[in-house]
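Structure first, then comments.
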Amino acid sequence: MFKHVKDMEYTVHVDKPDPRFAILLLEQFGGCDGELTAAMQYFSQSVGCNDPKIRDMLQDIAAEEMSHLEMVGEALGMLIGPVDNIPRDFPANHMALLGGGPLLINSAGVPWTAGYVDSTGDLFTDLSTNAGGELRAKLMYERLLQQTDDAGVKDMVRFLLSREEAHNFSFMQAINTLVGSGVNKDFRDSDFSKKYMNMSTGAGDSRGPWNEGNGTSYEENPNEKYGGPAQYGKDPQPAGTKEVAPGYNDHTRNNPQYTQ
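215 is the number of the first residue of the sequence shown in the working numbering; add one for each residue after it.
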């Protein structure tokens with residue numbers, strides 16, 4: 215059940231119109247990582263979620279994202295300013311010609327699309343996507359801060375930026391409760407799950423926690439070892455139901471140079 219609460223989450227203040235900045239701010243109104251995308255994504259995920267706690271979190275954050283869309287839209291309306299007489303060099307002609315209302319487009323004029331919404335039904339996957347989306351939105355607001363000197367707009371952007379951080383934190387904490395479930399339960403089901411393939415040649419191969427330690431095996435030169443890029447063929451130590459059965463060998467078709 216939804217209802218319209220006339221008090222905004224944050225009262226928007228704009229010192230003076232700035233159509234140039236309005237175009238940039240459209241990225242958070244109708245862009246791929248904007249507020250509408252977040253609201254639609256979290257709500258879509260929630261209606262397919264069977265975990266009541268995660269479902270409640272998704273719907274809470276989705277509702278707040280709608281309030282953020284309202285804030286950005288309100289700011290856009292004020293930033294565009296009067297459009298009764300439009301100068302020829304008016305930066306936001308595509309909005310002014312249609313009456314001054316913000317459109318569901320990004321800063322390049324590309325219309326919003328449901329293709330921006332990512333909902334798989336796997337909570338571990340969806341929450342990981344959401345956490346990344348919040349960071350991308352935070353990055354966008356950080357860049358927007360550099361493009362305006364309007365004190366009221368900067369204060370609103372800082373508020374929105376802080377809420378992106380809060381949502382990222384919530385999603386990350388929720389992910390920690392799902393370790394070993396969904397798509398995450400299949401990790402380390404094979405010798406190939408923690409194998410790092412060094413696919414580059416020449417100096418400069420880097421090592422770090424992404425390819426050493428924590429049970430990771432490092433293939434220094436898989437092309438030389440396998441006669442070509444490593445194939446997911448016979449697993450020497452099958453440990454799960456999804457393994458290719460021992461004895462499988464298809465190197466003659468997939469890798470004619472294989473000699474070992």
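We put the beta carbon where it would ideally sit given N, CA and C, even for glycine. Please read all numbers here as calculations on a predicted model, not as lab measurements.
Select from the options the residue whose C-alpha is nearest the C-alpha of residue i.
{"i": "Glu223", "options": "Leu250, Asp298, Tyr330 and Arg377", "result": "Arg377"}
{"i": "Gly287", "options": "Gln273, Thr339, Asn264 and His227", "result": "His227"}
{"i": "Leu238", "options": "Ile268, Ile319 and Met413", "result": "Ile319"}
{"i": "Ala289", "options": "Gln242, Leu341 and Asp332", "result": "Gln242"}
{"i": "Glu249", "options": "Ser420, Phe235 and Met280", "result": "Met280"}
{"i": "Ala365", "options": "Val219, Lys220 and Lys230", "result": "Lys230"}
{"i": "His218", "options": "Glu284, Leu240 and Ala236", "result": "Glu284"}
{"i": "Asp270", "options": "Ser420, Ala388 and Val371", "result": "Ala388"}
{"i": "Lys408", "options": "Gly394, Ser414, Thr430 and His308", "result": "Thr430"}
{"i": "Leu375", "options": "Thr225, Asp332 and Lys352", "result": "Lys352"}
{"i": "Ser342", "options": "His282, Val393, Val367 and Gly422", "result": "Val393"}
{"i": "Glu356", "options": "Val371, Met411 and Val367", "result": "Val371"}
Could you pull out every residue in the same chain whose Cβ sits closer than 8 Å to the Cβ of residue i, ignoring the five residues on either side in sequence?
{"i": "Val397", "result": "Asp336, Phe338 and Thr339"}
{"i": "Ala328", "result": "Met254"}
{"i": "Asp265", "result": "Leu337"}
{"i": "Ala306", "result": "Pro233, Arg234, Ala236, Ile237 and Ile294"}
Can you give me the C-alpha to C-alpha distance between residue i and residue j, rounded to a whole angstrom?
{"i": "Asn299", "j": "Val261", "result": "46 Å"}
{"i": "Gln361", "j": "Asn435", "result": "47 Å"}
{"i": "Trp424", "j": "Asn437", "result": "20 Å"}
{"i": "Gly315", "j": "Pro325", "result": "14 Å"}
{"i": "Asp506", "j": "Gly313", "result": "Because the chain is modelled from 215 through 474, residue 506 falls outside the range shown and cannot be assessed."}
{"i": "Pro476", "j": "Thr334", "result": "The requested residue 476 is not part of the displayed model; the chain covers only 215 to 474."}
{"i": "Leu317", "j": "Gly244", "result": "7 Å"}
{"i": "Lys399", "j": "Thr391", "result": "13 Å"}
{"i": "Gln259", "j": "Ala417", "result": "45 Å"}
{"i": "Phe216", "j": "Met354", "result": "29 Å"}
{"i": "Gly323", "j": "Ala236", "result": "12 Å"}
{"i": "Asn428", "j": "Leu358", "result": "39 Å"}
{"i": "Leu240", "j": "Lys220", "result": "23 Å"}
{"i": "Ser414", "j": "Lys439", "result": "14 Å"}
{"i": "Phe373", "j": "Gly347", "result": "17 Å"}
Tell me whether residue i sits in a helix, a strand or coil according to DSSP, three-state version.
{"i": "Met413", "result": "coil"}
{"i": "Tyr224", "result": "coil"}
{"i": "Glu433", "result": "strand"}
{"i": "Pro423", "result": "coil"}
{"i": "Ile319", "result": "strand"}
{"i": "Pro296", "result": "coil"}
{"i": "Pro266", "result": "helix"}
{"i": "Pro305", "result": "coil"}
{"i": "Pro231", "result": "coil"}
Answer with yes or no whether the minimum CB distance from residue i to chain B is below 9 Å.
{"i": "Val324", "result": "Absent from the structure is chain B; it holds one protein chain and no more."}
Less than 6 Å between C-beta atoms, sequence neighbours within five positions excluded: which residues of the same chain meet that for residue i?
{"i": "Asn344", "result": "Phe385"}
{"i": "Ala310", "result": "Val297, Ile300 and Phe304"}
{"i": "Tyr330", "result": "Cys246 and Thr251"}
{"i": "Ser321", "result": "Ile237, Leu238, Leu240 and Glu241"}
Spatial neighbours of residue i within its chain, please: C-beta separation below 7 Å, excluding the five flanking residues on both sides.
{"i": "Glu426", "result": "Tyr432"}
{"i": "Leu349", "result": "Asn382"}
{"i": "Ile268", "result": "Leu337 and Ala388"}
{"i": "Leu272", "result": "Tyr256, Gln259, Ser260 and Cys263"}
{"i": "Asp419", "result": "Asn412"}
### Task
Mind the definition here: the stretch 267 to 287 touches the stretch 249 to 257 only if three or more C-beta pairs lie below 8 Å; say whether that holds.
yes
### Query
Is the stretch 289 to 304 touching the stretch 382 to 391, taking contact as three or more C-beta pairs under 8 Å?
no
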